[in-house]
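Going down the list, the sequences are from chains D and X. Going by our numbering, the final residue of the first sequence carries number 252, and the count climbs one at a time with no gaps. Going by our numbering, the final residue of the second sequence carries number 261, and the count climbs one at a time with no gaps. The structure appears below as structure tokens.
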Amino acid sequence: MTLLLRDLSLTYRDNGSAEVKVLEDICLEVPTGSFISIIGPSGCGKSSLCNLIAGVQEPNRGEILLDGRSILGLAGQVGYMPQKDLLLPWRTLLDNVALGCDIRRENKRESREKARLWLERFGLGSFAGHYPQQLSGGMRQRGALLRTFLFGRTTLILDEPFGALDALTRRDMQQWLLDVWSQSDPTVVFITHDIEEAILLSDQIVVFSQRPARILNKIILPFSRPRDPDLLLSPEALAVKRQLLGLLRGHS
Amino acid sequence: MPAHFEKRRRKKWQTSIPPLIFVLACLAVWQVSVDYLKVPLWLLPSPVAVTKALWRTRALLWTNTLTTVWETTTGFILSVALALAAGLAMVLSPLLKRLFYPLLIISQTVPLIAVAPLLILWLGYGLLPKIVTVVLVCFFPVTISLIEGLEVSDPDLLNLLKSMGATPWQILYTVRWPNALPSLFAGLKIAATYSVMGAVIGEWLGASSGLGVYLTLSSHSFLTAQVFAAIFAITVLSLIYFILIAGIRHFALPWLNTKEN
């Protein structure tokens with residue numbers, strides 16, 4: 001589904017007096033089935049943007065449209081994944097992946113069947129009955145991603161999903177994410193502060209300024225898919241990397 | 001995996017043998033010193049004398065134990081039901097919590113020994129005042145542990161559930177309630193060990209049957225071996241309740257039995 005953000009502005013009122021501007025006139029179109037990364041200095045308001053799209057917070061101004069329909073302040077319209085995996089320790093991996101289906105009051109048997117299918121297709125089938133504390137960090141994150149995919153189906157907001165992982169696991173996870181994404185083709189908004197990650201994964205990179213966040217630049221990546229990590233060594237990728245570093249340095 | 005299983009059983013034996021030997025050694029020292037120093041029976045009976053008293057009065061002890069079991073079990077179940085209602089009400093309504101939480105804590109500082117005679121005065125010599133004493137003892141730890149378990153929840157987790165469109169009711173039973181269970185069971189264990197004591201204190205002050213009655217009668221007649229027999233029965237009873245709760249916890253909270261990766 002096409003996600004459209006129009007003139008989004010968000011202001012916090014600090015202790016009733018001082019106003020803190022977080023987002024300023026954010027306009028962004030995420031076409032159906034595309035993968036967009038948002039990159040920016042930490043604390044610039046990327047997570048606030050996620051909260052707005054996920055419907056748990058409302059902006060002071062602006063619109064959020066999903067295929068032309070306003071989803072402002074409406075929860076449950078997109079799949080949202082925060083940095084922490086937030087798997088429930090008392091649910092098995094299978095039940096954790098199906099959490100969103102339970103919240104939607106879907107049929108238990110059908111949702112478990114669906115969740116098992118996803119787990120098996122993406123290499124976690126034999127861990128379906130495990131509890132989260134029995135799984136490694138990478139596996140927990142995969143579980144959390146599958147939970148998001150199963151819930152969001154067509155539109156996903158991923159807020160630094162690999163931020164807490166070590167570099168090697170992170171590389172694995174990026175490939176794995178591309179694999180899952182290519183097989184279900186949802187629209188993805190991916191928040192990160194890892195430039196290489198953004199280049200490797202996205203169709204388009206949106207650069208945010210420091211708070212209050214404005215859009216500094218949108219860079220369209222011309223690389224074909226499926227992508228190989230060696231891509232990062234190509235002159236084109238290095239040029240994009242240089243451009244991004246320049247943009248971020250100028251505003252930090 | 002029989003080899004693995006066998007190994008685990010052997011390990012279990014190995015860890016439980018030293019404390020067992022220690023207890024037996026203590027009993028032996030007790031027995032020998034009482035015999036050697038010729039301590040009179042009314043002052044300190046030896047383990048053998050206690051065992052004899054246990055066997056001699058087994059029928060009497062058994063009927064009295066049954067009374068206490070009945071009071072304890074009824075009081076315990078009642079207090080858990082009340083604690084669940086009160087805990088949920090206080091978590092769902094901040095006003096109720098502001099009203100009753102201080103009272104709950106103050107009520108726990110009033111000594112049971114002072115309240116029990118009043119209960120006898122108001123409710124007579126039947127089972128009811130003993131059941132109320134048990135409830136008074138058990139209600140507090142269960143309620144407090146439940147409230148704490150229900151309230152502690154990761155704000156990020158709540159945010160995730162809200163983003164899925166979960167209602168407060170769904171958040172209560174998918175997150176808050178399971179999150180509260182380990183804490184609730186910790187409270188239940190404390191309550192289970194205290195519950196028998198509550199019933200015995202109730203019986204002390206006036207009853208026709210129960211371990212408390214057996215205890216007072218024996219102590220007034222300087223039948224010290226029987227006093228120890230009663231202490232033994234109370235201890236065993238409390239342990240049974242504790243093990244029962246621990247067993248229920250094992251099956252009700254399977255995710256806590258798994259080893260971490």
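Backbone N, C-alpha and C define an ideal beta-carbon position, used for all residues, glycine too.
Item, Value
"Looking at Q141 of chain D: is its Cβ nearer than 8 Å to the Cβ of F162 of chain D?", "yes"
"W255 of chain X touches chain D at which residues, Cβ-Cβ below 7 Å?", "P89, W90, Y131"
"Along the beta strand (DSSP E) that carries K218 of chain D, what are the first and last residues, could you check?", "215 to 220"
"Give the interface partners of I71 of chain D over in chain X, defined as CB-CB distance under 9 Å, in chain order.", "Those do not exist, as I71 of chain D stays about 11 Å from chain X at its closest Cβ, beyond 9 Å."
"Can you grab the Cα-Cα spacing for the pair S252 of chain D / N96 of chain D, in whole Å?", "For S252 of chain D, the predicted model reports a pLDDT of 49, less than 50, meaning its position is unreliable; a value from the coordinates is still stated below. Distance between the alpha carbons of S252 of chain D and N96 of chain D: 39 Å."
"For a minimum of 3 consecutive residues, which ranges assigned as the beta strand (DSSP E) are wholly contained in the segment 96 to 165 of chain D?", "155 to 159"
"C50 of chain D lies in the alpha helix (DSSP H); which residues open and close that run?", "46 to 54"
"Under 7 Å, CB to CB, which of the residues in the segment 115 to 148 of chain D have a partner in chain X?", "Y131, Q133, Q134, L135, S136"
"In three-state terms, what does DSSP make of Q204 of chain D?", "strand"
"Specify, as a first and last residue, the run of the alpha helix (DSSP H) that I234 of chain X falls within.", "224 to 252"
"For chain X, is any of its Cβ atoms less than 8 Å away from the one on V30 of chain D?", "no"
"Kindly indicate if chain D contains any beta-carbon less than 8 Å away from that of G187 of chain X.", "no"
"Hey, does G165 of chain X have any beta-carbon neighbour from chain D nearer than 8 Å?", "yes"
"According to a CB-to-CB cut-off of less than 8 Å, which residues of the segment 146 to 169 of chain D neighbour chain X?", "F151"
"Rounded to whole angstroms, how far is the Cβ of E19 of chain D from the Cβ of R214 of chain D, which I believe are closer than 8 Å?", "Contact doesn't hold; Cβ gap of about 17 Å is too wide."
"Let me check you understand the geometry: is the CB of F190 of chain D closer than 7 Å to at least one non-hydrogen atom of the ligand MG?", "Of the ligands one can find in the structure shown there are none, so the ligand MG has no counterpart to examine."
"Taking all protein chains shown into account, do 16 or more other C-beta atoms lie within 10 angstroms of the C-beta of R147 of chain D, making it buried, or fewer, making it exposed?", "buried"
"Kindly list the residues whose CB is nearer than 8 Å to the CB of M1 of chain X, restricted to its own chain and excluding five residues on each side of it in sequence; keep chain order.", "Because M1 of chain X carries a pLDDT of 46, less than 50, the predicted location of this residue cannot be relied on, and no value is offered for it."
"How close, in whole Å, do the beta carbons of V189 of chain D and L72 of chain D come, if the pair is a contact with beta carbons under 8 Å?", "Not a contact, Cβ separation roughly 16 Å."
"Cα-Cα, which of X:V137, X:L66, X:P19, X:T63 is closest to L188 of chain X?", "X:V137"
"Under the three-state reduction of DSSP, which class applies to T192 of chain D: helix, strand or coil?", "strand"
"In chain order, what residues of the segment 57 to 83 of chain D put their CB closer than 7 Å to some CB of chain X?", "A75, G76, Y80, P82"
"I need the DSSP call for S252 of chain D, collapsed to helix, strand or coil.", "In this prediction, S252 of chain D scores a pLDDT of 49, lower than 50, which makes its location untrustworthy; no coordinate-derived value is stated."
"Could one say the Cβ of I195 of chain D lies closer than 8 Å to chain X's Cβ atoms, at least one of them?", "no"
"Count the CB pairs spanning the segment 222 to 234 of chain D and the segment 60 to 67 of chain D that are closer than 8 Å, and state whether there are at least three.", "no"
"Inspect the CB distances between the segment 71 to 82 of chain X and the segment 125 to 132 of chain X and report whether three or more fall short of 8 Å.", "yes"
"Contact criterion: CB-CB distance below 8 Å. Does I39 of chain D meet it with respect to chain X?", "no"
"By alpha-carbon positions, which one of X:L223, X:W30, X:I248, X:G202 ends up nearest to L123 of chain X?", "X:G202"
"Return the chain-ordered list of same chain residues with a C-beta closer than 7 Å to the C-beta of T32 of chain D, the five sequence neighbours on each side being excluded.", "M1, T2, T187"
"Please report the straight-line C-alpha distance between S219 of chain X and I240 of chain X, rounded to a whole angstrom.", "25 Å"
"What does G100 of chain D touch in chain X if you count any residue whose Cβ is under 7 Å from its own?", "M164"
"Name the chain X residues that come within less than 8 Å of L86 of chain D, Cβ to Cβ?", "D154, D156, L157, L160"
"Short of 7 Å in beta carbon distance, which residues of its chain neighbour A83 of chain X, apart from the five on each side in sequence? Order them along the chain.", "F139, V142, T143, L146"
"Can you tell me which of the three DSSP states D156 of chain X falls into?", "helix"
"Grab me the residues of L93 of chain D's own chain with a C-beta within less than 6 Å of its C-beta, minus the 5 sequence neighbours each way, in chain order.", "F127, A128, H130, G143"
"Between G55 of chain D and chain X, is there a C-beta pair that is closer than 8 Å?", "yes"
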